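For the sequence shown, the numbering used here assigns the number 1 to the initial residue and increments by one for each residue that follows.
In this text, a Cβ means the ideal position worked out from N, Cα and C, and glycines have one as well.
Just so you know, these numbers come straight off a predicted model, no measurement behind them.
Here's the structure we're looking at; comments come further down.
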Amino acid sequence: MTAAADLIVTNAEVHTLTDPDTVHEAVAVRDGDIVRLGDADELAFLEGVETDVLDCEGRVVLPGFIDAHTHMEQLGQHLVHADLSSADSAESCVDLLRRQAEADPGREHVLGFGYDESSWDGSRTKPLTREELDRVSEERPVVALRVDLHTVSLNTAALEAFADDLPDDDLRYADGEPTGVAVEDAAEAVRSALTAGREEMREVLTAAMERAVELGVTGVHDKVRGSRAPQVYRELAADDALPLRVRIDYWSDHLESLVDVGLPTNAGSDRVRTGAIKSFSDGSFGSRTARVREPYADAETAEEASEDARGQWVVDPDELASVTERASDEAFQICVHAIGDEAIEETLSLLEETPNAATARHRIEHAELVTDDHLERMAEAGIVASMQPNFHRWADEGGLYDQRLGRERRNRTNRLRRVLEADVPLAFGSDCMPLDPLLGIQYAVNAGTEAQRLSVTEALRAYTRGAAYAGFDEDRLGTLEVGKRADLVVLEASPWDHSERIDEIDVATTVVDGEIVFDGHE
């Protein structure tokens with residue numbers, strides 16, 4: 001006698017996202033695994049007294065989204081502190097930070113996350129300044145983090161509070177006075193100093209995960225710097241309070257500790273696993289620190305038009321070579337942030353020569369200005385392109401890419417179709433700018449040039465099976481097939497039928513291991 005299912009998802013348009021994609025009416029789940037797909041009537045015999053039945057009323061069901069590059073602590077900080085992502089001016093940021101200061105008067109620092117001056121009204125191209133943040137408070141340290149996290153803005157009190165930790169080379173000055181703008185190592189020093197304590201980390205990660213499952217995310221590859229987040233993830237998993245799967249990509253300064261305690265790539269439990277060793281080559285276009293072969297188009301002074309006008313190395317190439325050599329010797333997967341074409345060249349040259357390149361699925365994170373030659377070499381070496389389709393938000397005429405790179409290079413950024421055509425494994429993530437798979441898919445499907453655009457199915461696959469492959473999870477996640485884990489998302493409308501407004505589609509239900517972790521109708 002066939003055992004009853006624990007959950008039957010029925011009356012649905014179930015897309016497996018296999019190749020080719022197949023469509024069913026129902027999915028049956030037992031012990032967290034998919035045990036049957038087929039017509040609703042065919043699966044009805046699996047319904048028992050204790051079977052939960054999810055009637056989708058014709059809605060679309062997909063594999064759960066996997067965000068292959070995200071920062072859950074930062075997402076939680078957006079939710080707990082001032083969210084500056086909707087600000088349309090410096091004054092709007094100041095107003096939001098003032099409200100945060102008034103709402104939380106007992107907190108030492110006033111924090112805001114996610115501002116993007118390139119999207120503000122007018123023609124401003126400079127980050128928030130010390131003088132502007134001094135209008136929030138002259139006594140309490142005020143810190144505003146730019147959307148890319150490569151720039152932070154500090155008021156006078158914050159500059160004084162962090163003075164001993166800020167490398168002078170990464171502070172910006174005007175007329176000999178600090179502007180309050182800190183980039184790269186200085187920005188990282190501020191972020192490290194503001195890392196949440198144990199209890200606050202639990203608060204921000206819980207808030208972040210609740211938000212993620214609301215958006216249909218069933219797994220994340222979280223790029224973490226400190227040790228608190230991994231500890232909290234494992235505590236939550238032990239408490240059966242982790243609503244999604246977490247793959248932890250550790251900063252390279254954790255490498256020796258991971259070797260010592262025996263936590264190689266893919267070690268861990270069903271919910272929390274060790275991922276890659278994470279490092280950097282360059283910065284970001286928004287902060288003018290991505291390393292490019294030709295100077296930035298908006299270099300404004302003779303000083304900016306010199307060496308600095310091509311960006312900078314966040315991790316010196318020789319140091320990065322040492323990291324990749326040591327990590328590959330220990331058989332770790334390696335993921336390296338590389339945005340500019342020169343940074344991608346340096347990174348690719350190191351990764352393709354590692355002894356474990358053929359099996360390690362090393363990753364280049366972002367790969368925004370990747371060339372055709374780079375893609376051919378990545379395909380040959382099996383290196384994954386871990387990209388963020390939502391970065392096309394900056395690719396409009398007159399937008400950030402136009403400002404920083406000029407039109408010709410703008411049209412060569414984030415060429416998602418060219419990646420697939422070159423047979424490079426493609427995984428999608430958000431980088432928390434913002435975390436929202438359907439928004440990213442909207443940008444991928446409606447990007448400005450043919451070389452940048454994907455079909456709806458291709459974009460969905462990059463956020464499901466592509467991300468699963470990047471995390472060595474293709475045998476259990478990423479498609480809806482018998483024997484795989486029952487991680488799925490139910491959408492209120494079909495992205496194929498609403499391809500011009502995919503970002504407006506709501507998530508109805510999110511399921512992880514056959515358990516409903518978000519119900520939009522409750």
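### Task
Drop a sphere of 10 angstroms on the beta-carbon of residue 227, count the other beta-carbons inside from all chains shown, and report buried for 16 or more, exposed for fewer.
In the sequence shown, counting from the first residue as 1, residue 227 sits at position 227. Sixteen is the threshold: since fewer than 16 other Cβ atoms of the shown chains lie within 10 Å of the Cβ of residue 227, the residue is exposed.
### Message
Assuming residue 441 is part of the alpha helix (DSSP H), what are its boundary residues?
### Response
On the sequence shown, position 441 is the one that residue 441 refers to. It spans 437-445 - the alpha helix (DSSP H) in which residue 441 sits, taken as one unbroken run.
### Message
Which same chain residues end up closer than 7 Å to residue 311 when comparing Cβ atoms and leaving out the 5 residues on each side of it in sequence?
### Response
Residue mapping note: residue 311 aligns to position 311 of the sequence shown, counting from 1. These residues qualify, in order along the chain: 282, 283, 288, 289, 290, 291, 292 and 340.
### Task
Report yes or no: do the stretch 112-131 and the stretch 86-104 share at least 3 C-beta pairs separated by less than 8 Å?
Touching, per the Cβ criterion.
### Message
For residue 56 and residue 499, I'd like the C-alpha separation in whole angstroms.
### Response
By one-based count along the sequence shown, residue 56 stands at place 56. By one-based count along the sequence shown, residue 499 stands at place 499. Between residue 56 and residue 499, the alpha-carbon positions lie close to 21 Å from each other.
#### Entry: Meets three-Cβ-pair contact criterion under 8 Å: the stretch 380-387 and the stretch 410-428
Under the 8 Å Cβ criterion, the stretch 380-387 counts as touching the stretch 410-428, having at least three qualifying pairs.
### Query
Are the beta-carbon atoms belonging to residue 218 and residue 64 less than 9 Å from one another?
For the purposes of this step, residue 218 is taken as the residue at position 218 of the sequence shown. For the purposes of this step, residue 64 is taken as the residue at position 64 of the sequence shown. Contact: yes.
### Query
If you count every other CB in all the chains shown that lies within 10 Å of the CB of residue 124, and 16 or more means buried, which is it?
By one-based count along the sequence shown, residue 124 stands at place 124. In summary, residue 124 is exposed, with fewer than 16 beta-carbon neighbours lying within 10 Å of its beta-carbon over all protein chains present.
### Message
Considering only the alpha carbon of each residue, which of 224, 11 and 353 lies closest to residue 278?
### Response
Locating residue 278 in the sequence shown gives position 278, counting from the first residue. Of the candidates 224, 11 and 353, the one whose C-alpha sits nearest the C-alpha of residue 278 is 224.
### Reduced DSSP category for residue 394 - H, G, I as helix; E, B as strand; rest coil
The residue you call residue 394 lines up with position 394 of the sequence shown. DSSP, reduced to helix, strand and coil, places residue 394 within a helical segment of the structure shown.
### Task
Please work out which residues of its chain come closer than 6 Å, Cβ to Cβ, to residue 307, disregarding the five sequence neighbours upstream and downstream, and give them in chain order.
Position 307 of the sequence shown, counted from the first residue, corresponds to residue 307. The pLDDT assigned to residue 307 is 47, lower than 50, so where the model puts this residue is not dependable; a value taken from the coordinates is nonetheless given after this. Listed in chain order, the non-local C-beta contacts of residue 307 below 6 Å within the same chain number zero, local neighbours out to five positions each way being set aside.
### Query
Skipping 5 residues on each side, what residues in its chain have a beta carbon closer than 6 Å to that of residue 285?
Indexing the sequence shown from 1 puts residue 285 at position 285. Excluding sequence neighbours, residue 285 sits near 404.
### Message
Could you tell me the alpha carbon to alpha carbon distance between residue 486 and residue 159, rounded to whole angstroms?
### Response
What you label residue 486 is simply residue 486 of the sequence shown in a count that begins at 1. What you label residue 159 is simply residue 159 of the sequence shown in a count that begins at 1. Taking the straight line joining both Cα atoms gives about 49 Å.
### Task
Have a look at the DSSP bridge pairing and note the partners of residue 24.
For the purposes of this step, residue 24 is identified with residue 24 of the sequence shown, where counting begins at 1. Answer by DSSP bridge pairing, in chain order: 14.
### C-alpha gap between residue 374 and residue 344, whole angstroms
Position 374 of the sequence shown, counted from the first residue, corresponds to residue 374. Position 344 of the sequence shown, counted from the first residue, corresponds to residue 344. Cα-Cα distance, rounded: 8 Å.
#### Entry: Cα-Cα separation, residue 12 to residue 503
If you number the sequence shown from 1, residue 12 lands on position 12. If you number the sequence shown from 1, residue 503 lands on position 503. Cα to Cα, residue 12 sits roughly 21 Å from residue 503.
### Task
Could you round the C-beta distance between residue 190 and residue 143 to whole angstroms and report it? I think they count as a contact, below 8 Å.
Numbered from its first residue, the sequence shown carries residue 190 at position 190. Numbered from its first residue, the sequence shown carries residue 143 at position 143. That pair is a contact at about 6 Å.
### Task
Please check the pair residue 28 and residue 5, which I expect to be a contact at CB under 8 Å, by giving their CB distance rounded to whole angstroms.
Mapped onto the sequence shown, residue 28 falls at position 28. Mapped onto the sequence shown, residue 5 falls at position 5. About 4 Å; that satisfies the 8 Å criterion.
### Message
So within the stretch 333-368, which uninterrupted beta strand (DSSP E) runs reach at least 3 residues, ignoring any that extend past its ends?
### Response
If we require 3 residues or more, the beta strand (DSSP E) runs fully inside the stretch 333-368 come out as 334-338 and 363-366.
### Query
Which residues in the same chain as residue 418 place their Cβ atom closer than 6 Å to its Cβ, once the five residues preceding and following it in sequence are excluded?
Translated into the one-based positions of the sequence shown, residue 418 becomes position 418. Taking C-beta separations shorter than 6 Å and ignoring five residues to either side along the sequence, the partners of residue 418 in its chain run 451, following chain order.
### Query
Using the C-alpha atoms, what's the distance from residue 165 back to residue 273?
Position 273 of the sequence shown, counted from the start, is the residue given in the question as residue 273. Position 165 of the sequence shown, counted from the start, is the residue given in the question as residue 165. When rounded, the distance between both Cα atoms is 32 Å.
### Task
Name the two residues that bound the continuous beta strand (DSSP E) containing residue 173.
Residue 173 sits at position 173 when you count from the first residue of the sequence shown. Counting along the chain, the beta strand (DSSP E) containing residue 173 begins and ends at 171-174.
### Query
Can the beta-carbon of residue 352 be found closer than 9 Å to that of residue 381?
Residue numbering aside, residue 352 sits at position 352 when the sequence shown is read from its first letter. Residue numbering aside, residue 381 sits at position 381 when the sequence shown is read from its first letter. Between residue 352 and residue 381, the C-beta gap is smaller than 9 Å, which places the two residues in contact.
### Message
If distances are taken between C-alpha atoms only, which option among 476, 432, 448 and 494 comes closest to residue 146?
### Response
Residue 146 sits at position 146 when you count from the first residue of the sequence shown. Measuring from the Cα of residue 146, the nearest candidate turns out to be 432.
### Query
Just how far apart, CA to CA, sit residue 33 and residue 484?
In the sequence shown, residue 33 corresponds to position 33, counting from 1. In the sequence shown, residue 484 corresponds to position 484, counting from 1. Roughly 6 Å separates the two Cα atoms.
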